[in-house]
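Numbering (this note's numbering), first residue to last: 135 to 269.
Okay, structure first, notes after.
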């Protein structure tokens, strides 16, 4: 599963991805997934006139590029993800209060998928079942 930051880097700044990340992302044996929460975050980023506005005319175009050009499949959030989320211990020491991150982490744990991210607050969640690929 890809964190939203990975998708944004793929859309806008591929050079920022490490060779290891690019090897994983470029391996045709791998199916690339993202949480539908990332879909929401991408729309919010576009609507708030963040970086994506330089590359796309509308938020629908962003989502279509993710699915059609990058080949990433958005996974729906099932209720069992909500239960994982309800049990997730938050990284309070690093003041990690981003609910979108918590949903994406919970989604990856529930689906038993590795999560690729550059977020430095994510390693905390490894002891709760998160398999993290850092880049």
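Here a beta-carbon is modelled for each residue, glycine too, at the ideal position from N, C-alpha and C.
Values in this document were obtained by computation on a predicted structure and should not be read as measured data.
Across the set 168, 249, 269, the C-alpha of 168 shows the shortest separation from the C-alpha of residue 200. In terms of CA proximity to residue 220, 240 leads the group 203, 240, 227, 247. The segment 238 to 255 makes contact with the segment 208 to 223: 3 or more CB pairs, one atom from each, lie closer than 8 Å. Of the candidates 165, 197, 237, 237 places its Cα closest to the Cα of residue 213. Taking the C-beta atoms as reference points, residue 230 is found no nearer than 7 Å to residue 191. Per DSSP, the beta-bridge partners of residue 251 are 268.
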